[in-house]
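Asks: Last residue of the sequence shown? That's 880 in the numbering used here, and every number before it is there in order. All C-beta atoms in this analysis are idealised placements derived from N, C-alpha and C, irrespective of residue type, glycine included. Keep in mind that this is a model prediction, so the values were computed, not measured.
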Amino acid sequence: MNHRTVKALAAATILAMGAAACSSSTSSSGSTSSTSASKQGPPLVIVDNTGQVFAQTFNPYVSTSLGVEDNMQSMTYEPLLEFNIMQPTQAPMPWLASSYAWSNAGKTLTFTIRQGVKFSDGTPLTASDVAFTFNLLMKNTTLASQAPAPTPLPVSATAPNATTAVLTFSQAEYANLFLIGSTYILPEHIWQSVSNPATYSDANPVGTGPYELGSFSSQKVTFKQNPYYWQKSKVTVPEVIFPSYVSNTTANPALDKLVTEVGGTKNLDNNAVNSFVSALLFQDAVQKVVASGKTLSRATLFSALKSEHSFDADGIIGPTNVGGHQLSNCDVITQLVNGQWQRAYPAKAGTFDCNSANLATIKMNVTL
Numbered sequence: 513m514n515h516r517t518v519k520a521l522a523a524a525t526i527l528a529m530g531a532a533a534c535s536s537s538t539s540s541s542g543s544t545s546s547t548s549a550s551k552q553g554p555p556l557v558i559v560d561n562t563g564q565v566f567a568q569t570f571n572p573y574v575s576t577s578l579g580v581e582d583n584m585q586s587m588t589y590e591p592l593l594e595f596n597i598m599q600p601t602q603a604p605m606p607w608l609a610s611s612y613a614w615s616n617a618g619k620t621l622t623f624t625i626r627q628g629v630k631f632s633d634g635t636p637l638t639a640s641d642v643a644f645t646f647n648l649l650m651k652n653t654t655l656a657s658q659a660p661a662p663t664p665l666p667v668s669a670t671a672p673n674a675t676t677a678v679l680t681f682s683q684a685e686y687a688n689l690f691l692i693g694s695t696y697i698l699p700e701h702i703w704q705s706v707s708n709p710a711t712y713s714d715a716n717p718v719g720t721g722p723y724e725l726g727s728f729s730s731q732k733v734t735f736k737q738n739p740y741y742w743q744k745s746k747v748t749v750p751e752v753i754f755p756s757y758v759s760n761t762t763a764n765p766a767l768d769k770l771v772t773e774v775g776g777t778k779n780l781d782n783n784a785v786n787s788f789v790s791a792l793l794f795q796d797a798v799q800k801v802v803a804s805g806k807t808l809s810r811a812t813l814f815s816a817l818k819s820e821h822s823f824d825a826d827g828i829i830g831p832t833n834v835g836g837h838q839l840s841n842c843d844v845i846t847q848l849v850n851g852q853w854q855r856a857y858p859a860k861a862g863t864f865d866c867n868s869a870n871l872a873t874i875k876m877n878v879t880l
């Protein structure tokens with residue numbers, strides 16, 4: 513399946529999950545307000561790679577960036593229109609553009625830009641960002657759109673006012689509305705100072721999408737909710753996590769580190785695991801206090817612990833709401849096979865499904 517298709521489905525799925533959870537809200541499609549806060553579900557963990565060392569590159573127009581290779585673009589960036597690829601005859605869904613109109617025998621395409629949309633840094637989206645994006649692609653032809661085919665480039669892209677973007681093409685482009693409308697819109701105030709967009713890493717992407725980069729390491733990328741998202745009431749997945757594992761048999765590097773630190777599997781027991789998990793929690797809280805610039809103290813440490821709502825000890829335990837004093841009901845059982853840790857249940861790597869409908873009871877005979 514094409515990467516553009518996969519990421520579009522991922523974004524649509526997250527928003528659909530939110531829409532179902534917020535059915536009691538009075539807000540309509542495209543609205544930026546809701547009568548009540550959305551109910552938050554568990555984090556979403558996506559595992560679609562093995563043996564990859566992550567590089568902090570999220571440029572949506574460079575095919576070798578991590579964002580493109582691992583289908584992360586739609587976490588932070590959005591297009592003018594969305595399309596239901598499962599129903600090709602369905603009309604395009606207004607997204608960053610609230611409407612569009614053809615003129616000049618299909619050579620001119622005018623978008624009305626949705627008002628009230630902000631980038632993840634709080635800067636308002638305007639038609640100038642749309643015109644800037646297409647002009648950037650026109651001037652840097654090595655940049656690649658991840659739609660099924662290259663985006664038809666206009667001969668001019670202008671913004672006569674804050675809510676109107678006009679694209680003019682050299683020929684009629686009626687048939688390419690999908691490619692044009694699927695173009696990710698970039699923030700002009702960020703990218704206008706980029707000297708070479710083709711080599712720009714975009715390490716901390718700023719977009720209008722439902723998420724922004726929360727944390728990054730070479731083995732784990734976490735996206736957290738964008739506080740300025742224009743459809744915030746529809747997003748009920750608090751975090752989207754992309755872990756990277758060296759192989760299927762070493763899918764828990766944190767647990768492997770614990771085994772090494774206690775001197776081998778012969779010294780490993782529940783007390784060791786619980787102590788190690790507690791140490792990781794303490795480490796995480798300390799790092800949050802330091803990152804905030806506050807003085808490390810008992811008060812700031814406990815304050816940081818209260819903000820831990822999806823702690824997973826780097827995959828040793830299921831996402832746990834520490835701040836809410838709620839234990840995780842989602843666990844993975846591992847067993848030692850020939851000196852290596854292997855998943856016993858659930859068997860599929862990366863599955864933390866905490867839906868109560870999938871609750872399973874496992875009975876074991878233990879000889880002491």
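1. When you compare only the Cα positions, how much space is there between Pro591 and Thr601?
2. On a CA-only basis, which of Leu698, Gln743, Asp582 is nearest Trp607? Give me that one, please.
3. Residue range of the beta strand (DSSP E) that Val752 falls in?
4. Can you list, in chain order, the residues of its chain whose CB lies under 6 Å from that of Ser575, leaving out five sequence neighbours each side?
5. With distances taken Cα to Cα, identify the nearest neighbour of Lys630 among Gln683, Leu817, Ala643, Ile697.
6. Specify the secondary structure class of Pro605 as computed by DSSP and reduced to three states.
7. Does Thr622 come out as helix, strand or coil in the three-state DSSP assignment?
8. On the three-state DSSP scale, how would you describe Gln838?
9. Going by CA-CA distance only, name the one from Thr624, Lys651, Ser694, Gly628 that's closest to Gln585.
10. Which of helix, strand or coil does DSSP assign to Tyr696?
11. Three or more C-beta pairs under 8 Å: does that hold for the stretch 610-623 against the stretch 713-721?
12. Pick out the complete beta strand (DSSP E) segments inside the stretch 669-735, 3 residues or longer, and give them in chain order.
13. Around the C-beta of Pro572, are 16 or more other C-beta atoms found within 10 angstroms, so that it is buried, or is it exposed?
14. Using alpha carbons as the reference points, say which of Thr675, Ile597, Ser682 lies closest to Phe690.
15. Here's a check: name, in chain order, each residue in its chain whose Cβ is nearer than 6 Å to the Cβ of Pro636, leaving out the five neighbours to either side.
16. Determine the burial state of Asn708: buried for a count of at least 16 other Cβ atoms within 10 Å of its Cβ, exposed for fewer.
Replies: On the basis of the data shown:
1. To locate residue 591, count along the sequence shown from 1; it is residue 79. To locate residue 601, count along the sequence shown from 1; it is residue 89. Between the C-alpha atoms of Pro591 and Thr601 there is a straight-line separation of about 19 Å.
2. Locating residue 607 in the sequence shown gives position 95, where the first residue counts as 1. From the listed residues Leu698, Gln743, Asp582, the smallest Cα separation to Trp607 is found for Gln743.
3. Locating residue 752 in the sequence shown gives position 240, counting from the first residue. For Val752, the enclosing beta strand (DSSP E) covers residues 751-755.
4. For the purposes of this step, residue 575 is identified with residue 63 of the sequence shown, where counting begins at 1. Excluding sequence positions up to five before and after Ser575, its CB lies within less than 6 Å of the CB of Ala656, all in the same chain and listed in chain order.
5. Here residue 630 refers to the residue found at position 118 when the sequence shown is read from its first residue. For Lys630, the nearest C-alpha among the options comes from Ile697.
6. In the sequence shown, counting from the first residue as 1, residue 605 sits at position 93. For the record, residue 605 in the displayed sequence is Met; it is not Pro. Residue state, collapsed to three classes: strand.
7. Numbered from 1 along the sequence shown, position 110 holds the residue referred to as residue 622. Judged by DSSP in its simplified three-state form, Thr622 adopts strand.
8. Against the sequence shown, residue 838 aligns to sequence position 326. The answer is strand: DSSP assigns Gln838 an E or B state.
9. On the sequence shown, residue 585 is found 73 positions in, with the first residue counted as 1. Distance check between Gln585 and each of Thr624, Lys651, Ser694, Gly628 places Ser694 closest, using alpha-carbon atoms only.
10. Mapped onto the sequence shown, residue 696 falls at position 184. It is a strand residue.
11. The stretch 610-623 makes no contact with the stretch 713-721; the number of CB pairs closer than 8 Å stays below 3.
12. Counting whole runs of 3 or more residues, the stretch 669-735 contains the beta strand (DSSP E) stretches 676-680, 723-729.
13. Stepping through the sequence shown from its first residue, residue 572 is reached at position 60. It is buried - the Cβ of Pro572 has at least 16 other Cβ atoms within 10 Å.
14. For the purposes of this step, residue 690 is taken as the residue at position 178 of the sequence shown. If we check each option's Cα against that of Phe690, Ile597 comes out closest.
15. In the sequence shown, residue 636 corresponds to position 124, counting from 1. For Pro636, where only same-chain residues beyond five positions count, the Cβ hits under 6 Å are Lys630.
16. Translated into the one-based positions of the sequence shown, residue 708 becomes position 196. So Asn708 counts as exposed.
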